[in-house]
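Trainee:
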Amino acid sequence: MKTAPLVAATLAFDTEGVAFSSAYRDRYHPRSGALEQAAHVFLHGNGLPGRWQGRERFVILETGFGLGNNFLATLAAWRGDPRRCERLHFISIEKHPFTRADLARAHEGSPLRELADELLHAWPSPTPDLHRLDFAGGQVQLLLALGDVADWLPQIAARVDAFFLDGFAPDRNPAMWQPRVFKALARLAAPDATAATWSVARMVREGLVTAGFEVERAPGSGAKREITRARFAPRFVPRCAPARLAAALPDGGERHAIIVGAGLAGCATAMALAEQGWNCTLLEGLASMAGATSGNRAGVFHGIVNPQDGAHARFNRAAALHAAGAVQQAITQHGAAGQVAGVLRLESRSSEAEMRAQLDALGLPPDYVQALPAADASRLAGLALPLPAWFYPGGGWVAPPALAASLVQRAGAKATLRCGTQVAALRRAGDAWQAIDVRGAVIAKSAVVVLANAADAQRLLDEPRWPLSKVRGQVTELPLATPGLRLPLLPITGNGYVLPALPGATALFGATSQPGDDDPQLRVEDQRHNLARLERLTGSSPRDGACVELAGRVGWRCVATDRLPVIGAVPDLAAIAAQPGLRLDQPCLVPRLPGLYVYIGLASRGITWAALGARTLAAVIAGSPCPIAASLHDAVDAGRFASREARRESARRLGDSVARRAAPSGPRAP
Ligand SMILES: Cc1cc2nc3c(=O)[nH]c(=O)nc-3n(C[C@H](O)[C@H](O)[C@H](O)COP(=O)(O)OP(=O)(O)OC[C@H]3O[C@@H](n4cnc5c(N)ncnc54)[C@H](O)[C@@H]3O)c2cc1C
Ligand SMILES: C[S@@+](CC[C@H](N)C(=O)[O-])C[C@H]1O[C@@H](n2cnc3c(N)ncnc32)[C@H](O)[C@@H]1O
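Taking numbering that gives the first Met the number 0, the leading residue of the sequence shown gets 0, the next gets one more, and so forth.
Below, the structure written as structure tokens:
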């Protein structure tokens, strides 16, 4: 998906005071009122609230978020319904989001002012991503896709129960009513999905019919005589790809998962599963959670900028937005040590002008990232910095063990933590997986198991699935009183990182990166290396490394070769081997083991990635809308390596056959 700068909408009103778009020469809603339209056309037109009653989950997708009136009306109806579904997912796509200030102005006199204020409070930075905004304690989740409907619809992974089709009028806004838009809706439609719109234009009705909907006209309201209602009735329903199937639970089976490993990955998974209404048991081999790689005193988190804005940059950006929320909550609600006040990343390869040009080309907003000259960066850091810097206002630092604890606390009674419980093996028994201890006894069993035990995950499988390496890292800690030590006010990263003064009057900086090194001891030469990094980043040079007390921590990052996390159902190698002709060219086509999932490979970015990666996995397990674009889902999917291998193999076979055909044939028989 190509990143295109977002152009914000401009708020204007027509002579009757109705919000109006001069770009599309149309009103955002009829004169009779946005909420009246939302109730009659979109809610009633889709059989709501009746259809969501008694359901565990209901999914709505809207084209055109605009002022969010349909969303607010839906949220109000859901809150006011005693028989409401447990969880409501509202996905909406918007090419021209309003600024927060304009949105506030538009909702000044709204009868749903309180809900509008909640929306304003949660309103995201306008980056071209899928943003998740939580309401009603997370029971209502708004997934806001910022960008063009034609780009986003193929990137959404969800089973949609009701569509709200709310572009501007088809003659002024044809892009919202194209046949390919309707086709994309059909791909997302759950078997009994419905759609409704105020438009009765022929292209709308015909588009819906061609895509497999049965269409009827229904009485309108206000100045609108008729509206369109539709029901999905396809002649053919394509099968769901194996990797995108929700976990199958035995009849009446509890929504429960075992999570092996209680580092950042496992603890975030507990939180994310609880958000989906699932219980879990966390099995941790050590005496307490976050005692292995996630046990550093503090670490930094932030997004990244890359001119190509490829999968890595987009996943990091989306993840950084989730991380800021998780860290902020850990600090304010659970007393974690940390700060979300920005991070500076020194830039050695581009000038400030080049950095600005990159941001202009990508259209990234200043509340996500800014390009600062060295002087401005120095002012923020409180130190003279040698280089220009990227400033990520939503970044910061946190104590990973406190973040992990906060994530588990958020799961509340839905998570049970069992420390000192090492899983020696996994065994399939009937419909369930059993976690086995060293003596061969069953520790726990469940239809669903998540391996969040970093490098140890492959040991629990019959054969390794992923190209992972263990990369040793040593961070250095020094007392603040160390002569010559000066620390920044914000974390500074670049080649290594240094944090501001930590509680306990400690400085922390580093870290080394040593693949294939198993040494658990702190080493003097690594300390020197970290001191040199500190000096390069900040100009601060504590007394010669040899004289400074050796202190810090050693850990191992679990890193996949493509430096992205490994998330999803575990590939079924036996099924692949048994079906030689099987199509595997996309990760989602790779066959999976039932009920066995993995979340590992968090590399050097566990704090940034933990929450979004876990929410992606929990969405797969629960079968709820995926919080990341499909292309990003493919990029982090646990089946991607099997898929790449299959593509390489088929390219090799093709190459061989071309070479055979091109080779000169043998001597002709006389
Ligand atoms: C020196 C260093 C500095 C870093 N700095 C940063 C930073 O600034 N910012 C950042 O975002 N990231 C940083 N990282 C990376 C970050 O720490 C990791 O990405 C993250 O901690 C990985 O979390 P995890 O849950 O995947 O792994 P772990 O924290 O290792 O958790 C896995 C857990 O599984 C348990 N386990 C394993 N096998 C079993 C079993 N069989 N049964 C039961 N339990 C089991 C382990 O005991 C462990 O608790 C740093 C890493 C290092 C080494
Ligand atoms: C009628 S308004 C939607 C009103 C909205 N549902 C509400 O409740 O306030 C139509 C919206 O579609 C958006 N839009 C127009 N073309 C689009 C496109 N190609 N992709 C995504 N959104 C688009 C407009 O920016 C506008 O916000």
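Where is the CB? At the ideal position from N, CA and C, for every residue including glycine.
Just so it is clear, the structure is predicted and the values come from calculations on it, not from any experiment.
Which of the three DSSP states is assigned to residue 545 in this structure?
Mentor: Locating residue 545 in the sequence shown gives position 546, counting from the first residue. For residue 545, the predicted structure reports a pLDDT of 49, less than 50, and the residue's modelled location is therefore unreliable. A value from the coordinates is still provided. Three-state result, residue 545: helix.
Trainee: Check whether the Cβ atoms of residue 557 and residue 600 lie closer than 8 Å to each other.
Mentor: The residue given as residue 557 occupies position 558 in the sequence shown. The residue given as residue 600 occupies position 601 in the sequence shown. A Cβ-Cβ contact shorter than 8 Å links residue 557 with residue 600.
Trainee: Between residue 186 and residue 308, what straight-line distance do the alpha-carbon atoms span, to the nearest angstrom?
Mentor: If you number the sequence shown from 1, residue 186 lands on position 187. If you number the sequence shown from 1, residue 308 lands on position 309. Going by the C-alpha atoms only, they are around 27 Å apart.
Trainee: I'd like to confirm something about residue 92: is its beta-carbon nearer than 7 Å to some heavy atom of ligand 2, or not?
Mentor: The residue given as residue 92 occupies position 93 in the sequence shown. The answer is yes for residue 92.
Trainee: Taking 8 Å as the threshold (C-beta atoms), are residue 126 and residue 282 in contact?
Mentor: Your numbering for residue 282 matches position 283 in the sequence shown. Your numbering for residue 126 matches position 127 in the sequence shown. No; because the gap between Cβ atoms is not below 8 Å, this pair is not in contact.
Trainee: Alpha helix (DSSP H) containing residue 654: first to last residue?
Mentor: Numbered from 1 along the sequence shown, position 655 holds the residue referred to as residue 654. Looking at the DSSP string, the run of the alpha helix (DSSP H) that includes residue 654 is 639-661.
Trainee: Determine the direct distance from the alpha carbon of residue 37 to that of residue 180, and round the result to whole angstroms.
Mentor: The residue given as residue 180 occupies position 181 in the sequence shown. The residue given as residue 37 occupies position 38 in the sequence shown. So the two alpha carbons sit approximately 21 Å from each other.
Trainee: I need the straight-line Cα distance from residue 24 to residue 350, nearest angstrom please.
Mentor: Taking the sequence shown and counting its residues from 1, the one referred to as residue 24 is at position 25. Taking the sequence shown and counting its residues from 1, the one referred to as residue 350 is at position 351. Going by the C-alpha atoms only, they are around 42 Å apart.
Trainee: Among 324, 514, 449, which has the Cα closest to the Cα of residue 392?
Mentor: On the sequence shown, residue 392 is found 393 positions in, with the first residue counted as 1. Among 324, 514, 449, the Cα nearest to that of residue 392 belongs to 324.
Trainee: Would a check of beta-carbon distances place residue 125 closer than 8 Å to chain C?
Mentor: No chain C appears in this structure, which consists of one protein chain only.
Trainee: In the DSSP assignment, what residue or residues form a beta bridge with residue 88?
Mentor: Position 89 of the sequence shown, counted from the start, is the residue given in the question as residue 88. Answer is 58, 140, bridged to residue 88.
Trainee: Tell me the start and end of each unbroken beta strand (DSSP E) in the region 377-457 that is at least 3 residues and wholly inside, in chain order.
Mentor: 388-391, 395-397, 414-417, 424-428, 431-435, 441-445, 447-450
Trainee: What's the C-alpha gap between residue 587 and residue 627?
Mentor: Taking the first residue of the sequence shown as 1, we reach residue 587 at position 588. Taking the first residue of the sequence shown as 1, we reach residue 627 at position 628. The C-alpha of residue 587 lies about 14 Å from the C-alpha of residue 627.
Trainee: Give me, in chain order, the residues of the same chain whose beta-carbon lies closer than 6 Å to that of residue 31; leave out the 5 immediate sequence neighbours on both sides.
Mentor: Locating residue 31 in the sequence shown gives position 32, where the first residue counts as 1. Counting only Cβ-Cβ distances below 6 Å, and skipping sequence neighbours, we find 221.
Trainee: May I ask which residues mark the beginning and end of the alpha helix (DSSP H) holding residue 630?
Mentor: Translated into positions along the sequence shown, residue 630 becomes position 631. Start and end: 629-635.
Trainee: Give a yes or no on whether the C-beta atoms belonging to residue 361 and residue 390 are separated by under 8 Å.
Mentor: Looking up residue 361 in the sequence shown gives position 362. Looking up residue 390 in the sequence shown gives position 391. No, the pair does not count as a contact, with Cβ atoms beyond the cut-off.
Trainee: Just to confirm, does residue 66 get its C-beta within under 7 Å of one of the non-hydrogen atoms of ligand 2?
Mentor: Walking along the sequence shown from the start, residue 66 turns up at place 67. Flag set: Cβ of residue 66 near ligand 2.
Trainee: Quick check: does the Cβ of residue 236 come within less than 7 Å of any heavy atom belonging to ligand 1?
Mentor: Here residue 236 corresponds to residue number 237 of the sequence shown, with the count starting at 1. Not under cutoff, so the answer is no.
Trainee: How about the region 492-501 and the region 340-347: do they share at least three Cβ pairs that are nearer than 8 Å?
Mentor: A contact exists between the region 492-501 and the region 340-347.
Trainee: With distances taken from CA atoms, which of 602, 524, 510 is nearest residue 296?
Mentor: The residue you call residue 296 lines up with position 297 of the sequence shown. Of 602, 524, 510, the residue nearest in Cα terms is 510.
Trainee: Counting only runs that start and end within the region 142-168, where is the beta strand (DSSP E) found for 3 or more residues in a row?
Mentor: 159-164
Trainee: Determine the extent of the alpha helix (DSSP H) in which residue 266 is found, giving its start and end residues.
Mentor: Here the question's residue 266 lines up with position 267 in the sequence shown. Counting along the chain, the alpha helix (DSSP H) containing residue 266 begins and ends at 263-274.
Trainee: Quick one: give me the first and last residue of the beta strand (DSSP E) that residue 24 is part of.
Mentor: For the purposes of this step, residue 24 is taken as the residue at position 25 of the sequence shown. Premise fails: residue 24 is in no beta strand (DSSP E) and is neither H nor E.
Trainee: Flag residue 522 as yes when its Cβ comes closer than 7 Å to any non-hydrogen atom of ligand 1, and as no otherwise.
Mentor: Indexing the sequence shown from 1 puts residue 522 at position 523. Checking the Cβ of residue 522 against ligand 1 gives no.
Trainee: What does a CB cutoff of less than 8 Å around residue 457 pick up in its chain, not counting 5 residues either side in sequence?
Mentor: As a working note, residue 457 is residue 458 in the sequence shown. Correct list, in chain order: 463, 464, 465, 467.
Trainee: Cα-Cα, which of 386, 657, 84, 145 is closest to residue 6?
Mentor: As a working mapping, residue 6 is identified with position 7 in the sequence shown. Among 386, 657, 84, 145, the Cα nearest to that of residue 6 is on 145.
Trainee: Is the closest heavy atom of ligand 2 to the C-beta of residue 561 under 7 Å?
Mentor: Residue mapping note: residue 561 aligns to position 562 of the sequence shown, counting from 1. No, Cβ of residue 561 sits at least 7 Å from all heavy atoms of ligand 2.
Trainee: Consult DSSP for residue 607 and reduce its assignment to one of helix, strand or coil.
Mentor: Counted from its first residue, the sequence shown places residue 607 at position 608. In this structure, residue 607 counts as helix in the three-state DSSP scheme.
Trainee: When you compare the region 52-62 with the region 6-23, are there three or more beta-carbon pairs, one atom per stretch, that lie closer than 8 Å?
Mentor: no
Trainee: Quick one: Cα of residue 301 to Cα of residue 620, how far?
Mentor: The residue given as residue 301 occupies position 302 in the sequence shown. The residue given as residue 620 occupies position 621 in the sequence shown. So the two alpha carbons sit approximately 27 Å from each other.
Trainee: For the beta strand (DSSP E) that residue 671 lies in, which residues bound it at each end?
Mentor: Because the chain spans 0 through 669 in this model, residue 671 falls outside it and cannot be assessed.
Trainee: Are three or more beta carbon pairs between the region 435-454 and the region 529-536 nearer than 8 Å?
Mentor: no
Trainee: Quick one: using the 10 Å Cβ neighbour count with 16 as the cut-off for buried, is residue 239 buried or exposed?
Mentor: The count along the sequence shown starts at 1 and reaches residue 239 at position 240. Exposed, because fewer than 16 other Cβ atoms sit within 10 Å of the Cβ of residue 239.
Trainee: Using CA atoms only, rank isn't needed, just tell me which of 427, 612, 479 is closest to residue 460.
Mentor: The residue you call residue 460 lines up with position 461 of the sequence shown. The option with the nearest alpha carbon to residue 460 is 427.
Trainee: For residue 401 and residue 366, I'd like the C-alpha separation in whole angstroms.
Mentor: Taking the first residue of the sequence shown as 1, we reach residue 401 at position 402. Taking the first residue of the sequence shown as 1, we reach residue 366 at position 367. Between residue 401 and residue 366, the C-alpha separation is close to 26 Å.
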